[in-house]
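Working notes, structure below.
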Amino acid sequence: MGNSTSSPAPPPASDDEKKCNSSQKVGIKSGKKICCCCPETKQARDACVLANGEDDEECKRLIELHKECLRGEGFDVK
């Protein structure tokens, strides 16, 4: 039988990680693709928009915070 060792298979990639493996620009600071940068502001923004819609004042604030974070990573976000 022998002395073979094997490492466990890596966990399957999440949907965000699959999107990140496409040919997208990479942030200057983190080296990550835009879909994988700023996960905290992205999550807060998405939850707010789903619950309240884009026109909610708090959601607008969270959207701007996420844009600022992405700009800080080196992305050109309008």
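In the numbering used here, the protein residues as written are -1 to 76. Using N, Cα and C, we set each Cβ at its ideal position, and we do this for glycine too.
With 16 or more other Cβ atoms from the protein chains shown falling within 10 Å of its own Cβ, Glu71 counts as buried.
Rounded to the nearest whole angstrom, the CA to CA distance from Asn50 to Lys31 is 27 Å.
The Cβ atoms of Leu68 and Cys33 lie no closer than 8 Å to each other.
Annotation: the continuous alpha helix (DSSP H) that includes Gly70 extends over 55 to 70. In the three-state DSSP reduction, Val75 falls in the coil class, being neither helix nor strand.
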